[in-house]
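Here the structure comes first, spelled out in structure tokens, and everything after it is commentary.
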Amino acid sequence: MGTPDVTTLLLAWSRGDLQARDRLMPLVYAELHRRAAACLRRERQGHTLQPTALVNEAYLRLVDQRVLWQNRVQFLAVAAQMMRRVLVDHARRGKRAKRSGNWVRVTLAEHVAEAPARDVQLLDLDAALSRLATFDPRKSQIAELRFFGGLSLEETGHVLGLSIATVEREWQAARAWLYARLTGGRRDDA
Amino acid sequence: MTPERWRQITEIFHAALVRDEADRAAFVVSSCGDDDGLRREVESMLAAQ
């Protein structure tokens, strides 16, 4: 293989080595890209991806399962960012190539019993998250970690240095605002 | 969206959520006064819950 080991990089990063993080990112991107591409090939019609499932598979494949909880969360947070980028890159390429049916849809699993998973257009979600970031970057980040990385409220709080109660409250508002835009047809008139 | 506007929206949104569902609509109307844009924004978020 000759490639640096993801677990080793993860541990070096958690000791403060930021170069290790920079070396980690492309490895995570490549793994997620491979998994997403394989999924999209399998499902030619009505592409629907579950980003959090892909991230979890990548974690199981790349990281030694004996790492600490904190290292797992650290990995998932990076993977969430990379997952969003992989899917946006893919969707944009598809659009440029003018191939029909290449609009990537994603299933937003929330791990909440009473909330059914919702399918949305990936590029719409990406645009809405970017818009939210212009006036509330923290809520946008929370939503990114939850939607793309599948982080729990507790894990999200750990990454951002926030209490669970704060994350829960911010998540509630972020999710409602995003869904209002993605499913209710509301446009930005404010 | 200005941060101030967004703060207004989320405050009313959260305050509405702790009320009984039956009382929410009236609460939002009274909280937003004659600001229709604000009311629509909060209502769309509550509906998307």
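For the record, the sequence lines run as chains A and B. Everything in the first sequence is counted per my numbering, starting at 1 for the first residue and increasing by one. Everything in the second sequence is counted per my numbering, starting at 1001 for the first residue and increasing by one. Glycine residues also receive a C-beta, built at the ideal position from the N, C-alpha and C atoms.
Residue 1029/B, buried or exposed, once every other Cβ within 10 Å from all chains shown has been counted against 16: exposed
Meets three-Cβ-pair contact criterion under 8 Å: the segment 142–154 of chain A and the segment 1018–1035 of chain B: no
Pick from 21/A, 106/A and 92/A that is closest to residue 76/A, judged by C-alpha positions: 21/A
Under 8 Å by beta carbon: chain B residues contacting residue 136/A: 1003 and 1006
N- and C-terminal bounds of the alpha helix (DSSP H) containing residue 62/A: 51–62
Near-chain B residues of the segment 163–180 of chain A - C-beta to any C-beta below 9 Å: 169, 170, 172, 173, 175, 176, 177, 178, 179 and 180
Any C-beta of chain A under 7 Å from that of residue 1013/B: yes
CB contact below 7 Å: residue 1016/B versus chain C: In summary, chain C is missing from the structure at hand, where the protein chains are A and B.
Nearest to residue 1001/B (by Cα), restricted to the options 1038/B, 1031/B, 1015/B and 1047/B: 1038/B
Contact the segment 61–68 of chain A vs the segment 126–142 of chain A: 3+ CB pairs below 8 Å: no
Chain A contact for residue 1044/B (CB, 7 Å cutoff): yes
Straight-line Cα distance separating residue 159/A from residue 73/A: 7 Å
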